[in-house]
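Each remark here refers to the structure printed beneath this line.
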Amino acid sequence: MGDSSQGRRRYAVVGTGHRSQMYVEALLGPHAEVGEIVAWCEPNPARMDYYDGLVRAAGLTTSPARYQPDDLEKMIEVEDVDTVVVTSPDHTHAEVAARAMEAGADVVLEKPMTIDLAGTRRIVDAAERTGRDAVLTFNYRYSPRNAALKEVITSGEIGEVTSVHFEWVLDTMHGADYFRRWHRRKDFSGGLLVHKASHHFDLVNWWLGDLPSRVYASGALRFYGQANARRRGLIRRPARGTGRNGRSKDPFLLDLRDDPRLTSLYLDAEQHDGYLRDKDVFTAGITIEDNLSVLVDYARGATLTYSLNAHSPWEGYRVSVNGTAGRAELEVVERGAVLVGKDGKLVIDPSVVDVAEEGEAPVRPRAQRLVVQQHWGAARTVPIPEGPGAHGGGDDRMLHDLFRGVEHDPLGRAAGLLDGVRSVVVGIAGNTSLETGLPVRTADLRLGLT
8 MGDSSQGRRR
18 YAVVGTGHRS
28 QMYVEALLGP
38 HAEVGEIVAW
48 CEPNPARMDY
58 YDGLVRAAGL
68 TTSPARYQPD
78 DLEKMIEVED
88 VDTVVVTSPD
98 HTHAEVAARA
108 MEAGADVVLE
118 KPMTIDLAGT
128 RRIVDAAERT
138 GRDAVLTFNY
148 RYSPRNAALK
158 EVITSGEIGE
168 VTSVHFEWVL
178 DTMHGADYFR
188 RWHRRKDFSG
198 GLLVHKASHH
208 FDLVNWWLGD
218 LPSRVYASGA
228 LRFYGQANAR
238 RRGLIRRPAR
248 GTGRNGRSKD
258 PFLLDLRDDP
268 RLTSLYLDAE
278 QHDGYLRDKD
288 VFTAGITIED
298 NLSVLVDYAR
308 GATLTYSLNA
318 HSPWEGYRVS
328 VNGTAGRAEL
338 EVVERGAVLV
348 GKDGKLVIDP
358 SVVDVAEEGE
368 APVRPRAQRL
378 VVQQHWGAAR
388 TVPIPEGPGA
398 HGGGDDRMLH
408 DLFRGVEHDP
418 LGRAAGLLDG
428 VRSVVVGIAG
438 NTSLETGLPV
448 RTADLRLGLT
């Protein structure tokens, strides 16, 4: 996929919400010479208007053709589409991907590949039946810090891996956002074990080069939601964050008018479909968990203990990898604090705002550190190279592989359909375990993980 020797590939984007912008900007900018966007497939005209604006800003005079989801096959035929980029809501992935492959197009799937067993089987069956390519976009593999840990593990420096502990904390800006939008419904997103943690489970699968064999999960909605709010005395909550009479100073409320992009993509689009992007995180209707713990056994004997918290005061993750010859530890602080400015608005990058004014060093600065220590030896710090752009340059490298083809990469960062299945199966099994209270063997799901 993305071989420039075959000329410019023709792309269609299904779902023109927030997640599609990374792909759109890549095809309008650094990868325009190898690919062009020929069509949008989206039920909401206001969101297509927004992306038409990006097309014009890139200097193009002709906007992509517009199609409704029911006309996906017609779009692929009429516009001679080579590849469909799927960035629609998670619960639509299986239908869109299967229909696109059956109509003769390859597929780029934003993670997660889908939300449940039926959807996973539908995508796998369509790929096997049609022979079309399906690529998953796991950009965290390309982040230099995660690649550095992969290099340490594969080098054998810490020996054979026996266990991994992985803690991920989402703060009250990013984490709260999953409880405002469609992700708050498990039937739309699969919950955070699928939508968010598929990234994390893919990392562990990739780091270990192994298959998850058994999953046990525990978790609940313990912070967000109407019932939790009432227990803490938070009553008379507004239904949404965008107020009618001015802006609220409640840091849990999101006012779409404060962000021109959110205004265009969502507030101006409400008249067409009624979707509210700014629901209060303490209202009824949330069916996903905000605290999760998972135990995963791997085929070769390693065990993963994983935890996810979606209401932390800081954001980042810690990974500890124990091996027969030592231990590796990766700690990442992506945002050290969520602070509120004097105007009542959240500070977008607040890590050092308050303490810097007093001339003090921040207690939790944005940082990353990878430490390796062998048995009977001193610890050493492993350098982490950084590049420009998001995730230390990782997003740019992923988009290069996606649109131009994979060059020599001994780390094997490009993810295919099987990688998508192996990542989402942990979340799907975890959701089953949450329902039954029992461990789930992935082989019993019969998804052909090997």
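Residue numbers (the numbering used here): 8 to 457. Just so you know, even glycine gets a beta-carbon here, dropped at the ideal spot from N, CA and C. Note that the structure is a prediction, hence the values are computed from the model and not measured.
1) Span of the beta strand (DSSP E) holding F186?
2) What first and last residue would you give for the beta strand (DSSP E) that runs through Q380?
3) For T23, count the other beta carbons within 10 Å of its own beta carbon; 16 or more makes it buried, fewer makes it exposed. Which is it?
4) Does the stretch 177-185 touch the stretch 334-346, meaning 3 or more C-beta pairs lie closer than 8 Å?
5) Please name the residue, chosen from A227, D451, V389, L445, that lies closest to P151 on a Cα-to-Cα basis.
6) Does the separation of the CB atoms of A464 and Y282 fall below 9 Å?
7) Using 9 Å as the threshold, is the C-beta distance between P219 and L124 below it?
8) Drop a sphere of 10 angstroms on the beta-carbon of N51, count the other beta-carbons inside from all chains shown, and report buried for 16 or more, exposed for fewer.
9) For the structure I just gave you, are there three or more beta carbon pairs, one from the stretch 261-279 and one from the stretch 155-167, closer than 8 Å?
10) CB L177 to CB L337, shorter than 9 Å?
11) Are there 16 or more other CB atoms within 10 angstroms of the CB of G226, so buried, or fewer, so exposed?
12) Going along the chain, which residues of its own chain have a beta-carbon closer than 7 Å to the beta-carbon of D59, five neighbours each way excluded?
13) Out of H407, V433, L454, L456, state which residue places its alpha-carbon closest to the alpha-carbon of M29.
14) Exposed or buried, what is D402 when buried is set at 16 or more other beta-carbons lying within 10 Å of its beta-carbon?
15) Pick helix, strand or coil for A276, following the three-state DSSP scheme.
16) By alpha-carbon positions, which one of Y223, G384, L425, G348 ends up nearest to E442?
17) Could you check which residue in S440, A154, P446, L241 has the C-alpha nearest to that of I391?
18) How big is the Cα-Cα spacing for N235 and K256?
19) Between which two residues does the alpha helix (DSSP H) holding T443 run?
20) Run through the DSSP bridge pairs and tell me what P219 is partnered with.
21) Label T331 either buried or exposed according to how many other C-beta atoms from any shown protein chain fall within 10 Å of its C-beta, with 16 as the threshold for buried.
22) So what's I44 in DSSP terms, helix, strand or just coil?
23) DSSP three-state call for Y282: helix, strand or coil?
24) Judging by CA-CA distance, which residue of W321, M120, Y74 is the nearest neighbour of P506?
25) With distances taken Cα to Cα, identify the nearest neighbour of D285 among R187, P267, R54.
26) To the nearest angstrom, report how far apart L35 and L299 are at their CA atoms.
27) Going by the beta-carbon positions, is the gap between S196 and H98 smaller than 9 Å?
28) Evaluate N252 with the Cβ neighbour count: other Cβ atoms within 10 Å of its Cβ, from every protein chain shown; 16 or more gives buried, anything less gives exposed.
29) Pairs of beta-carbons, one from the stretch 138-148 and one from the stretch 424-442, closer than 8 Å: are there three or more?
30) So, is A385 buried or exposed, given that buried needs 16 or more other C-beta atoms within 10 angstroms?
31) Just how far apart, CA to CA, sit H415 and S440?
32) May I have a chain-ordered list of the alpha helix (DSSP H) segments no shorter than 4 residues that lie completely inside the stretch 107-188?
33) The beta strand (DSSP E) with S27 in it runs from where to where?
34) State buried or exposed for W175, treating a residue as buried only when at least 16 other CB atoms are found within 10 Å of its CB.
By the coordinates alone:
1) Counting from 1 along the sequence shown, the entry for residue 186 is found at position 179. Unbroken run through F186: none, as it is neither H nor E.
2) Against the sequence shown, residue 380 aligns to sequence position 373. 374-381 is the span of the beta strand (DSSP E), which, as asked, contains Q380.
3) The residue labelled residue 23 in the question sits at position 16 within the sequence shown. The residue in question, T23, is buried, as its Cβ has 16 or more Cβ neighbours within 10 Å.
4) yes
5) Taking the sequence shown and counting its residues from 1, one reaches residue 151 at position 144. Among A227, D451, V389, L445, the Cα nearest to that of P151 is on V389.
6) With the chain covering only 8 through 457, there is no way to say anything about residue 464.
7) Looking up residue 219 in the sequence shown gives position 212. Looking up residue 124 in the sequence shown gives position 117. No, they are not a contact pair.
8) Taking the first residue of the sequence shown as position 1, residue 51 is located at position 44. Buried is the call here.
9) no
10) As a working mapping, residue 177 is identified with position 170 in the sequence shown. As a working mapping, residue 337 is identified with position 330 in the sequence shown. Not in contact: L177 and L337 (Cβ atoms no closer than 9 Å).
11) Here residue 226 is taken as the residue at index 219 of the sequence shown, counted from 1. So G226 ends up on the buried side.
12) As a working mapping, residue 59 is identified with position 52 in the sequence shown. Correct list, in chain order: S70.
13) Locating residue 29 in the sequence shown gives position 22, where the first residue counts as 1. Of the candidates H407, V433, L454, L456, the one whose C-alpha sits nearest the C-alpha of M29 is H407.
14) Numbered from its first residue, the sequence shown carries residue 402 at position 395. By the neighbour-count rule (16 or more Cβ atoms within 10 Å), D402 is buried.
15) Here residue 276 refers to the residue found at position 269 of the sequence shown. Looking at A276 - three-state DSSP - the assignment turns out to be coil, as it is neither helix nor strand.
16) Looking up residue 442 in the sequence shown gives position 435. Taking only the C-alpha atoms, the option nearest E442 is Y223.
17) The residue labelled residue 391 in the question sits at position 384 within the sequence shown. Nearest option by C-alpha distance: A154.
18) As a position in the sequence shown, residue 235 is number 228, starting the count at 1. As a position in the sequence shown, residue 256 is number 249, starting the count at 1. If I take the Cα positions, the gap works out to 21 Å.
19) As a working mapping, residue 443 is identified with position 436 in the sequence shown. First-last of the alpha helix (DSSP H) with T443: 424-443.
20) In the sequence shown, the residue the question calls residue 219 occupies position 212. The partner list for P219 (beta bridge, DSSP) reads Y305.
21) Numbered from 1 along the sequence shown, position 324 holds the residue referred to as residue 331. Label assigned to T331: exposed.
22) Here the question's residue 44 lines up with position 37 in the sequence shown. Strand.
23) Numbered from its first residue, the sequence shown carries residue 282 at position 275. If DSSP states are grouped into helix, strand and coil, Y282 belongs with coil.
24) Because the chain is modelled from 8 through 457, residue 506 falls outside the range shown and cannot be assessed.
25) Locating residue 285 in the sequence shown gives position 278, where the first residue counts as 1. Residue R187 is the option with its Cα nearest to D285.
26) On the sequence shown, residue 35 is found 28 positions in, with the first residue counted as 1. On the sequence shown, residue 299 is found 292 positions in, with the first residue counted as 1. Going by the C-alpha atoms only, they are around 39 Å apart.
27) The residue labelled residue 196 in the question sits at position 189 within the sequence shown. The residue labelled residue 98 in the question sits at position 91 within the sequence shown. Yes, Cβ-Cβ distance for S196 and H98 is below 9 Å.
28) Sequence index remark: in the sequence shown, residue 252 carries index 245 (1-based). By the 10 Å Cβ count, N252 comes out exposed.
29) yes
30) As a working mapping, residue 385 is identified with position 378 in the sequence shown. It is exposed - the Cβ of A385 has fewer than 16 other Cβ atoms within 10 Å.
31) Taking the first residue of the sequence shown as 1, we reach residue 415 at position 408. Taking the first residue of the sequence shown as 1, we reach residue 440 at position 433. The alpha-carbon atoms of H415 and S440 are separated by roughly 40 Å.
32) 124-137, 151-162, 181-184
33) On the sequence shown, residue 27 is found 20 positions in, with the first residue counted as 1. First-last for S27: undefined, no H or E at that position.
34) Here residue 175 refers to the residue found at position 168 when the sequence shown is read from its first residue. It counts as buried.
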